[in-house]
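Here the protein sequences come in this chain order: Z and U. Under the numbering used here, residues -6 to 377 are what the first sequence spells out, in order. Under the numbering used here, residues 5 to 240 are what the second sequence spells out, in order. First comes the structure, then the notes that go with it.
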Amino acid sequence: MTTVGLMWANVWRKKMRTIFTVLSVLVAFVLFSVLSATREAFVGGIDLIGHERLITIHKSGLIFPLPIAYKSRVERVEGVKAVSVGIWLQGYYQEPRNFVPLVAVDKDYFPMYREIVVPPEQMETWLKERTGAIVGRTQAERRGWKVGDTVPLRSAIYRNQSGSNAWDYRIAGIYDVTSKAIDTESVLVHYDYINESRTFGRDTVGWLIVHLEDPDQASVVANRIDALFANSPTETKTTSEKAFAESFASQIGDIGTIVVYVVTAVLLSMLIVTASTMAQAVRERTAELAVLKAIGFSGPRVMALVLGESLLMTGFGAALGLGIGWVLCRGMADKLAQFMPAFWVTGEALATGAAIALAMGLVSGLLPAVRAWRMRTVDALREV
Amino acid sequence: MNDRSDAANGTLVSVEKAVKTYRRGGESINVLNGLDLTVPRGDFLALMGPSGSGKSTLLNLLGGLDRPTSGSVNFNGQRLETMSDGELARWRAAHVGFIFQMHHLLPMLSAEKNVELPLLLTGLPRAERKKRVEAALKLVGLADRMRHKPGELSGGQEQRVGIARAIVTDPDLLLCDEPTGDLDRKSGDAILDLLRALNEAYGKTIVMVTHDPHAAACAKRTLHMQDGMLVEEPAR
């Protein structure tokens, strides 16, 4: 037998109580894993976004369009290397539940995004074909689309002149990425193709993408752009691409904060459960702990035994919970990929979970452990 | 008698002018009143007396579980009352075996693992620990019950496991608090025979607190306690 063996045996002395406590911890950490994956899906790649690009939108928010004429005016601003445009089309394939991130961009878009890799001949085809589409590899593989296929994609926002919300696109290329900040789910189509045939919003864009000559001048250039349109009917708000992505994610709620609140509430509940279990376990064993002290176990050693039990119990539950959560999220990732392409439990989340389990084990065992340490052996033996 | 002479003249443990006072509420209660005691190496001493006479308190002082309010406790040249809690814990692990009335075995551990507990403090390798556990359990006659848990043993057998746990580190001193108090006569006699054998054949020094004259009769000598003082019984 080892000291850890003794701790482990103590953990299982009341099997049902331990099983229920471990199950509670397990469920809490499964929830932690799933919520961490959800958070990652919404905000995970934001930190990786480069600093060399700015996004200009309407000052009142993303749903208000900007005139396309702004593009050429911004191109002339000092410190701007290039400008591209984008429109969010809220796309889907065949049925609304088959969501597709469909974005219309112009020819200046791809040179700005070196993280997006398209074979040169496919890019050449796209530039030549007004109906061409560049599709992310994950999206293409899921739908079984190949270069040369023609696919009708619908927009939940716009209709074309024929009264339909479907546009036919010929797949000109498949893109891969070199950065986790960009997903491989999007379908990128020509702005002109959409703009010319849509029934409203013509000659407007959702946002401008500004490529900077010097990333260190980002705030200066952003101020110049916004100053250019100050006091006009359509004022602008220019931010870093990272801030834009955060703002975009926050439109569906501050997922990160909500996740943190939920996880904190769940873990605090678990802390109370495990602390209560440990307190009861130590109270029941006053005599045994006194005997251990009598036969030579020092106060700190008895304290370590109790803390070790607490750590083993929470650690066991947390390890199972994180493991099950990880497997669960991997299983769910494919099904959720079209809505949440980055739905996975990161190594950082697992490390955070392990640290929380460690803290939970220490905190829940601390009071009973100190009580065991300070317990006077003669008094405890007399009480028996 | 000073500490060094204790060790030199064959005294294993001695208590000098020990006073132990407890405070309960605003009141001071003197449990030991300047008690003197000498226990030679190889002695088997029974302590008898009415409840509240200070027997268990004296046993706690001898075992380093408590310190006297004044006076001293000397063990083989060491002053126990001057040791820190950590030093006393190490000293107990090395020199004292406790045998309790209720034996207090850990219910989820087998007999062999219960007996192994004190050896976890020694740093001995696993094989050596196993050897010592087997020897201790064999000595108490439970070699065939090693893997049984306390719930699967009789009261007498549980007490034997408790004795094996007390002797597995080969301590100099065994302190027994009513070791037969929770047993029927037959089981109690077997335990007393075992204690006598440990004293006579293995030279263990034993101090036993008991209410039972039959148990006390197994000791080499009996001391009576009253009001925190010792009264020696006439030699038998």
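Glycine is no exception: its CB is placed at the ideal position from the N, C-alpha and C atoms.
{"Item": "Residue-chain proximity (Glu33 (chain Z), chain U), Cβ-Cβ < 9 Å", "Value": "no"}
{"Item": "Short-range partners of chain U found in the region 261 to 283 of chain Z, where Cβ spacing is below 7 Å", "Value": "Ala280 and Glu281"}
{"Item": "Candidates U:Val19, U:Lys24, U:Leu51 and U:Pro44: closest to Val213 (chain U) by CA position", "Value": "U:Leu51"}
{"Item": "Segments of 3+ residues assigned as beta strand (DSSP E) that fall wholly inside the region 61 to 115 of chain Z", "Value": "73 to 81 and 95 to 98"}
{"Item": "Endpoints, the beta strand (DSSP E) within which Leu44 (chain U) is located", "Value": "Note that residue 44 (chain U) is Pro in the sequence shown here, rather than Leu. Where Pro44 (chain U) is concerned, the enclosing beta strand (DSSP E) stretches over Glu31 to Pro44."}
{"Item": "Chain Z contact residues for Asn64 (chain U), given Cβ-Cβ distances below 7 Å", "Value": "Val371"}
{"Item": "Short CB-CB distance (under 9 Å) between Met112 (chain U) and chain Z", "Value": "yes"}
{"Item": "Reference Ile265 (chain Z), options Z:Gly137, Z:Ser155 and Z:Gly358, closest by Cα", "Value": "Z:Gly358"}
{"Item": "Minimum Cβ-Cβ distance from Pro122 (chain U) to chain Z less than 9 Å", "Value": "yes"}
{"Item": "Asp169 (chain Z) versus Leu329 (chain Z) - alpha carbon distance", "Value": "19 Å"}
{"Item": "Segment contact flag, the region 311 to 329 of chain Z with the region 340 to 351 of chain Z, C-beta cutoff 8 Å, min 3 pairs", "Value": "yes"}
{"Item": "Where Ser291 (chain Z) meets chain U, residues with beta-carbon distance less than 8 Å", "Value": "Asp89, Gly90, Ala93 and Arg94"}
{"Item": "Buried versus exposed call for Glu204 (chain U) [16 or more other C-beta atoms within 10 Å across all chains shown]", "Value": "exposed"}
{"Item": "Asp70 (chain U): contacting residues in chain Z (beta-carbon distance under 7 Å)", "Value": "Val371"}
{"Item": "Any C-beta of chain Z under 9 Å from that of Ser60 (chain U)", "Value": "yes"}
{"Item": "Sheet register partners of Trp160 (chain Z) (DSSP bridge)", "Value": "Z:Leu146"}
{"Item": "Range of the contiguous alpha helix (DSSP H) that encloses Met403 (chain Z)", "Value": "With chain Z represented from -6 up to 377, any question about residue 403 (chain Z) goes unanswered, as that position is not in the structure."}
{"Item": "Inter-stretch contact (C-beta, 8 Å, three-pair minimum) for the region 114 to 122 of chain Z and the region 202 to 213 of chain Z", "Value": "no"}
{"Item": "Met0 (chain Z) and Gly292 (chain Z) closer than 9 Å at C-beta", "Value": "no"}
{"Item": "beta-carbon Leu359 (chain Z) near the ligand SAM non-hydrogen atom, thresh 8 Å", "Value": "In the structure on display, the ligand SAM does not appear, and there are no ligands present to speak of."}
{"Item": "For Gly79 (chain Z) and Val98 (chain Z), believed in contact at Cβ under 8 Å, the rounded distance", "Value": "5 Å"}
{"Item": "Beta-ladder partner(s) of Val266 (chain Z), from DSSP", "Value": "Paired residues: none, contrary to the question."}
{"Item": "Minimum length 4: unbroken alpha helix (DSSP H) runs contained in the region 290 to 371 of chain Z", "Value": "292 to 329 and 340 to 367"}
{"Item": "Three-pair Cβ contact test at 8 Å for the region 166 to 173 of chain U versus the region 136 to 154 of chain U", "Value": "yes"}
{"Item": "Supposed close pair Leu187 (chain U), Gln161 (chain U) - CB separation, criterion 8 Å", "Value": "Their Cβ separation, rounded to whole angstroms, is 10 Å, which puts Leu187 (chain U) and Gln161 (chain U) out of contact at 8 Å."}
{"Item": "Contact under 9 Å by Cβ, Leu82 (chain Z) with Ile12 (chain Z)", "Value": "no"}
{"Item": "Members of the region 2 to 13 of chain Z near chain U, C-beta cut-off 8 Å", "Value": "Ala2, Asn3, Trp5 and Arg6"}
{"Item": "Ala352 (chain Z) beta carbon less than 9 Å from that of Val275 (chain Z)", "Value": "no"}
{"Item": "For Thr209 (chain U) and Leu65 (chain U), believed in contact at Cβ under 8 Å, the rounded distance", "Value": "In fact, because the Cβ distance is near 15 Å, the residues do not count as touching under 8 Å."}
{"Item": "Sequence-distant residues of its chain with Cβ nearer than 6 Å to Val23 (chain Z) (five each side left out)", "Value": "Gly314, Ile317 and Gly318"}
{"Item": "Status (buried if at least 16 other CB within 10 Å, exposed otherwise) for Lys117 (chain U)", "Value": "buried"}
{"Item": "Asn281 (chain U) - DSSP class collapsed to helix/strand/coil", "Value": "The question about residue 281 (chain U) has no answer, for chain U in this structure spans 5 to 240."}
{"Item": "Gly67 (chain U) versus U:Asp89, U:Ser57, U:Leu125 and U:Leu202, residue with shortest Cα-Cα distance", "Value": "U:Asp89"}
{"Item": "Which of helix, strand or coil DSSP assigns to Ser172 (chain Z)", "Value": "coil"}
{"Item": "7 Å Cβ cut-off: residues of chain Z touching Phe102 (chain U)", "Value": "Ala287 and Ile288"}
{"Item": "CA-to-CA distance, Leu95 (chain Z) to Asn3 (chain Z), given in whole angstroms", "Value": "58 Å"}
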